[in-house]
């Protein structure tokens, strides 16, 4: 078997947990960049939480933004370097909890950036606390009896920005060959739209977090495909082609 | 260049883009909103970017991204909004990113009020956000200085790779005076090796993050940076201090009123003088050396507690009595100020 | 040093008048400062600004003793008359200030029916310009012709050229 790895992958010692979905997502982005000949052009912005570890995993020029602020940071980058592809790469805690205002307003402005939200249904870096994406009755260290839907709702981003005038909104899963292949296509489409100046693209990637969900890696992958993808339906929700900004 | 009449806030905005600034992201708050309004059309004219952000938090982080990409960047706010920017300022410092941030100060804690005031001395000069840091703080007191200091601020930010704050105030922002603007300067976004631009084969990957992650000697680096600022960047104006027995210390709008009070006091036979810190940090300690006749200092501020008085005590090594006259949101009347200075000096002499 | 306060209701062009006069002073080579009423003072619909003209550097932009009070309503007189210097100049809007109002006897009072004059030229928004004419003719601060030209320039720059302004200004300048 001929194994090939994108040049932008560093093979530095990883801080990600075994079985974490970030490794898959990073590789998909690196592959897409190589296929699109954008490896030397991509400008990345990550959060301070788990996604921050990506800064050492890839060779892209990267900014580590404050918690929840990768989107406005990426918007600033894009304004100064409009000819470069720019992405904000971070988790659901940052995107939908502390950074929700920034996520909605970037969509409202239809800012021409790619946003990849790795959704693992918890706050990973701080040890698996409940997030907006935690499923109903899911147990976490801050919802030890299960997340009571009467007290805390579960946020589906497609229901929040699904009617907005943006270029692309999709959800893929980092589980199973078919799901991963579909996620890669979504990532690629988002970058194509940015290069075509179409505007805001958000791709949510349902991800494993075996450490914080207390599952073995294979069970974790099954959980992503069944429980998580059962609640957060994968698919393309907005796909406006060629309208321009 | 011909002099034009401009409001203080507008002069700062115009001066920023003449210094090569092409990115501004801000949020409305009185009394700095003219900066936002002016740049909303003016940056467009010169091919720059204006973004009205959804919050101060978002605005300061857009600024961080634009700075990381190599641009000269500006944002502005006042009191309550400036507090929200402190998180981003801490991140700018940590990542060694240049930026210029204006605080057109108002008055009060919490919401306070939109009136004239110098309510933010402590949050501007003592770090303000989390962590170990200072920022250079420039305090203009005229429309001309609003223009001149913007130029200086961008140069200092670039020289030290560090955010520089402008401590303006409502009065200096609203006043209109004649100003001679500077010529336009160009800024090349590719000027810095460190800014993100795309990692070519053979390039070292550029990582804009906490500098200490990759610098084992970071504590020494940071201390040396601030020592350099303290030795090279102290700025001040001394007025009639040579034979002064009592010296008012004031910046911004209160320095203008204090200057008039010094002249009135002199006419009445009281040997008064004025030290005006132009940099609030580094505090101009050098201005307090070698004063032969001085017996006492009084800090004059438009706030309640006299936030600068402790820095005057430190600058004088607590060798002299240091009084404080804070007027809350009233601009001190020069005649009343003279009476306060006289009374304070009288009391200290009797001790 | 000449200290002038311009005051009236919001919408009477008070702040604009102050700005035009400050700019005119600047073009005559004087140091000038213009400072608007601000904060709580703005509430209640009154507007005022302080304009200073000086050969020397202007330290405080606030008025200490007023040389000229350029007023367009009665509350402005209530508020600032007491701070006029003896011998100072008080311009009042006799279109709305009652004729029987008593003034200090140590200041020079010129009553100008600015609204009637502006209306006679079919230029109701030109009341402040009438008063600027009277100011030019009575303060010794400005040459009337030069100031008239500067007013035209100011409005032309804003794309609001109006030949009736000059007529209003002339009529104001005829009042002593």
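Residue numbers (this note's numbering), protein chains in the order written: chain A, 1 to 245; chain B, 246 to 596; chain C, 597 to 772.
By construction, the Cβ of each residue, glycine as well, lies at the ideal position given by its N, Cα and C atoms.
- Where residue 202 (chain B) meets chain A, residues with beta-carbon distance less than 8 Å: Nothing in the structure corresponds to residue 202 (chain B), since chain B is present only between 246 and 596.
- Task: May I have the straight-line CA-CA distance separating residue 29 (chain A) from residue 91 (chain A), to the nearest angstrom?
- Result: When rounded, the distance between both Cα atoms is 15 Å.
- Task: Provide the residue(s) that pair with residue 408 (chain B) in DSSP beta bridges, ordered along the chain.
- Result: Looking at the DSSP assignment, residue 408 (chain B) forms a beta bridge with B:344.
- Task: With DSSP as the reference, please indicate the residues paired to residue 646 (chain C) in a beta bridge.
- Result: C:601, C:631.
- Message: Per DSSP, what are the beta-bridge partners of residue 140 (chain A) in this structure?
- Response: Here residue 140 (chain A) is bridged, per DSSP, to A:143.
- Apply the 10 Å Cβ neighbour rule to residue 637 (chain C) and answer buried if 16 or more other Cβ atoms are within range, or exposed otherwise. In this predicted model, residue 637 (chain C) has a pLDDT of only 48, less than 50, meaning its place in the structure is not dependable; the value taken from the coordinates is given anyway. So residue 637 (chain C) ends up on the exposed side.
- Query: If contact means a Cβ-Cβ distance below 7 Å, which residues of the stretch 490-504 of chain B contact chain A?
  - Reply: Hits within the stretch: zero.
- Message: If I follow the unbroken alpha helix (DSSP H) through residue 319 (chain B), where does it start and stop?
- Response: Element bounds for residue 319 (chain B): not the alpha helix (DSSP H) but the beta strand (DSSP E), 318-322.
- Interface flag, residue 76 (chain A) vs chain B, CB-CB below 8 Å: Chain B contact via Cβ: present.
- Task: Please list the partners that residue 45 (chain A) has in chain B, where partner means a Cβ-to-Cβ separation under 7 Å.
- Result: Correct list: 310.
- Would you mind working out which of B:501, B:496, B:582 sits nearest residue 556 (chain B), comparing C-alpha positions? The shortest Cα separation from residue 556 (chain B) among B:501, B:496, B:582 belongs to B:496.
- Given a threshold of 16 other Cβ atoms within 10 Å of its Cβ, counted over all protein chains shown, does residue 772 (chain C) qualify as buried or as exposed? Its Cβ having fewer than 16 others within 10 Å, residue 772 (chain C) is exposed.
- Report the residues of the stretch 562-596 of chain B with a CB closer than 8 Å to any CB of chain C, ordered along the chain. If the cut-off is 8 Å between Cβ atoms, the stretch 562-596 of chain B has 574, 576, 578, 579, 580 near chain C.
- Message: Under DSSP, the beta strand (DSSP E) around residue 440 (chain B) begins and ends at which residues?
- Response: The continuous stretches of beta strand (DSSP E) do not include residue 440 (chain B), and DSSP gives it neither H nor E.
- Compare the Cα-Cα distances from residue 390 (chain B) to each of B:576, B:532, B:254, B:563 and report the closest residue. Closest by alpha carbon: B:254.
- Message: Can you pull out the residues from the stretch 653-666 of chain C whose beta carbon lies closer than 7 Å to at least one beta carbon of chain B?
- Response: Within the stretch 653-666 of chain C, the residues whose Cβ lies closer than 7 Å to some Cβ of chain B are 655, 656, 657, 658, 660, listed in chain order.
- Message: Assuming residue 407 (chain B) and residue 380 (chain B) are in contact, meaning their beta carbons sit under 8 Å apart, how far apart are those beta carbons, in whole angstroms?
- Response: Contact holds; Cβ gap of about 7 Å.
- Contacts of residue 84 (chain A) in chain B (Cβ-Cβ under 8 Å): 442, 443, listed in chain order.
- Message: Let me make sure I understand the geometry here. Which of B:268, B:411, B:283, B:503 has the alpha-carbon closest to that of residue 292 (chain B)?
- Response: Taking only the C-alpha atoms, the option nearest residue 292 (chain B) is B:268.
- Query: Applying a beta-carbon distance threshold of less than 9 Å, which residues of chain B neighbour residue 40 (chain A)?
  - Reply: What residue 40 (chain A) touches in chain B, judged by beta-carbon distance under 9 Å, is 443, 444, 445, 446, 448, going in chain order.
- Message: I'd like to know if the stretch 191-200 of chain A and the stretch 105-114 of chain A are in contact, where contact means that at least 3 CB-CB pairs between them fall below 8 Å.
- Response: The stretch 191-200 of chain A, when compared against the stretch 105-114 of chain A, does touch it at the 8 Å Cβ threshold.
- Item | Partners in chain A for residue 300 (chain B), counting only beta-carbon separations shorter than 7 Å | Within chain A, the residues 101 have their CB atoms less than 7 Å from the CB of residue 300 (chain B), given in chain order.
- On the DSSP bridge assignment, give the partners of residue 522 (chain B) in chain order. Answer is B:481, bridged to residue 522 (chain B).
- Query: Roughly how many whole angstroms lie between the Cα atoms of residue 651 (chain C) and residue 713 (chain C)?
  - Reply: When rounded, the distance between both Cα atoms is 34 Å.
- Item | Pair within 8 Å by beta-carbon distance, residue 600 (chain B) and residue 656 (chain C) | Since the displayed chain B opens at 246 and closes at 596, residue 600 (chain B) lies outside it and no answer follows.
- Figure out for me which residue from A:117, A:106, A:155 has the closest Cα to the Cα of residue 130 (chain A). Of the candidates A:117, A:106, A:155, the one whose C-alpha sits nearest the C-alpha of residue 130 (chain A) is A:155.
- Message: Please classify residue 603 (chain C) as buried or exposed, where buried requires at least 16 neighbouring CB atoms within 10 angstroms.
- Response: Buried, because 16 or more other Cβ atoms sit within 10 Å of the Cβ of residue 603 (chain C).
- Report buried or exposed for residue 145 (chain A), applying the criterion of at least 16 other Cβ atoms within 10 angstroms of its Cβ. By the neighbour-count criterion, in which a residue is buried when 16 or more other Cβ atoms sit within 10 angstroms of its Cβ, residue 145 (chain A) is exposed.
- Message: Could you give the first and the last residue of the continuous alpha helix (DSSP H) run that contains residue 419 (chain B)?
- Response: Residues 415-419.
- Return the first residue and the last residue of the alpha helix (DSSP H) that residue 188 (chain A) is part of. Its alpha helix (DSSP H) spans residues 177-195.
- Message: Please classify residue 277 (chain B) as buried or exposed, where buried requires at least 16 neighbouring CB atoms within 10 angstroms.
- Response: Label assigned to residue 277 (chain B): buried.
- Message: Checking the sheet assignment: what are the DSSP bridge partners for residue 715 (chain C)?
- Response: Answer by DSSP bridge pairing: none, since residue 715 (chain C) is not bridged.
- What does residue 336 (chain B) touch in chain A if you count any residue whose Cβ is under 8 Å from its own? Under the 8 Å cutoff, chain A gives 65, 66.
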